[in-house]
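Counting in this note's numbering, the sequence shown runs from 5 upward without gaps.
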Amino acid sequence: MIDFEQAVEDFWQARQGGPFPVQWKDDLDKETAHRICLALIDRHAENGDPQAGWKVGLTAKAIREQVGATSPTFAVLFAKGRWPSGISHPFKELTRPGWENELCLTMGATLEGPDISETEAAAAVATIAPALEIIEQRLPEGQGTPPLSAADNGQQRAFVVGDETPFDAAIHDLSKASVEVYADGAFQETAYGVEVMESSPIASIQWLAGQLSHFGLALEAGSAVMTGSFTKQYRFDGPVEIEARFKPFGTVTAKFV
Numbered sequence: 005m006i007d008f009e010q011a012v013e014d015f016w017q018a019r020q021g022g023p024f025p026v027q028w029k030d031d032l033d034k035e036t037a038h039r040i041c042l043a044l045i046d047r048h049a050e051n052g053d054p055q056a057g058w059k060v061g062l063t064a065k066a067i068r069e070q071v072g073a074t075s076p077t078f079a080v081l082f083a084k085g086r087w088p089s090g091i092s093h094p095f096k097e098l099t100r101p102g103w104e105n106e107l108c109l110t111m112g113a114t115l116e117g118p119d120i121s122e123t124e125a126a127a128a129v130a131t132i133a134p135a136l137e138i139i140e141q142r143l144p145e146g147q148g149t150p151p152l153s154a155a156d157n158g159q160q161r162a163f164v165v166g167d168e169t170p171f172d173a174a175i176h177d178l179s180k181a182s183v184e185v186y187a188d189g190a191f192q193e194t195a196y197g198v199e200v201m202e203s204s205p206i207a208s209i210q211w212l213a214g215q216l217s218h219f220g221l222a223l224e225a226g227s228a229v230m231t232g233s234f235t236k237q238y239r240f241d242g243p244v245e246i247e248a249r250f251k252p253f254g255t256v257t258a259k260f261v
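Rendered as structure tokens:
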């Protein structure tokens, strides 16, 4: 049986640079892992890094196949992890990093409870922006499990956000939004919003509201939501310059040097 308070402490120490708590590998289930992740929100706030919102992960079939997952997951965004488009960041400060190409939605109204309709979810969104999620593979190689990743905040390191556009469901069909991905100036692929939840990023909002309700939480107005990658997860093992061109929402860039 898991010692919840000790597990919370161990995962907190890991976030401060301590050893990764692989000792919990055989004891964690997905729900307990999410409860550990949620329990650390207050620890971050007490240390000057309040919550900024949420991420929805494993939304694209390409990523689920890439990592061997069968369903989406969620984790927490923190204020210090919000980086502006155009940022230049030292590569050496990252642990086995990668990135995902996403849209970042900001909530204009609170959604609470399961069974949120697509219309309700869309009406609650205030703005939309091109974004990159920067991830780290902090788990020791070969020892990763979905619950360990969930307790470790779903690989989240940072989210790079471009200019925001007011969202209007009457004119913005997010299933038809596209992204062109470039690394060091070389074109990688084009993908579409329909890859997110096999529907659109609005479906991520619906799903997230339902998941949070299970833990007695609401998707609060003002929250940023990284809605999940259009593409597979890209990984890099050295300096790189990333550019994601989202139509019709603009471009986001980041450089790791």
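Cβ coordinates follow ideal geometry from the N, Cα and C atoms, glycine included.
- Query: Of the choices 62, 18, 257, 56, whose alpha-carbon is the least far from that of residue 164?
  - Reply: 257
- Item | Selection from 247, 93, 21, 129 that minimises the alpha carbon distance to residue 309 | No answer is possible for residue 309: the residues shown for the chain start at 5 and end at 261.
- Return the Cβ separation of residue 104 and residue 20 in integer angstroms, given the expectation that the two are a contact with Cβ distance under 8 Å. Residue 104 to residue 20, Cβ: 25 Å. No contact.
- N-terminal and C-terminal residue of the beta strand (DSSP E) that residue 80 is part of: 77-82
- What are the boundary residues of the alpha helix (DSSP H) that residue 216 is part of? 205-218
- Do residue 61 and residue 81 have their C-beta atoms closer together than 8 Å? no
- Limits of the unbroken alpha helix (DSSP H) element including residue 262: The chain is shown only over 5 to 261; residue 262 falls outside these bounds and no answer can be derived.
- Which class does residue 243 belong to by DSSP, given the choice of helix, strand or coil? coil
- Message: Just verifying my parser: in three-state terms, what is the DSSP assignment at residue 141?
- Response: coil
- Return yes when the C-beta of residue 68 is under 7 Å from any heavy atom of the ligand ADP, and no when it is not. Summarising the ligand content, the structure contains no ligands, and the ligand ADP is consequently not present.
- Message: If I measure Cβ to Cβ from residue 74 and keep anything under 8 Å in the same chain, skipping five residues before and after, which residues do I get?
- Response: 68
- Query: Contact between the stretch 230-247 and the stretch 177-191: three or more CB pairs below 8 Å?
  - Reply: yes
- Considering only C-alpha positions, which residue in the set 177, 250, 127, 139 is nearest to residue 86? 139
- Alpha-carbon to alpha-carbon, residue 6 and residue 28: 8 Å
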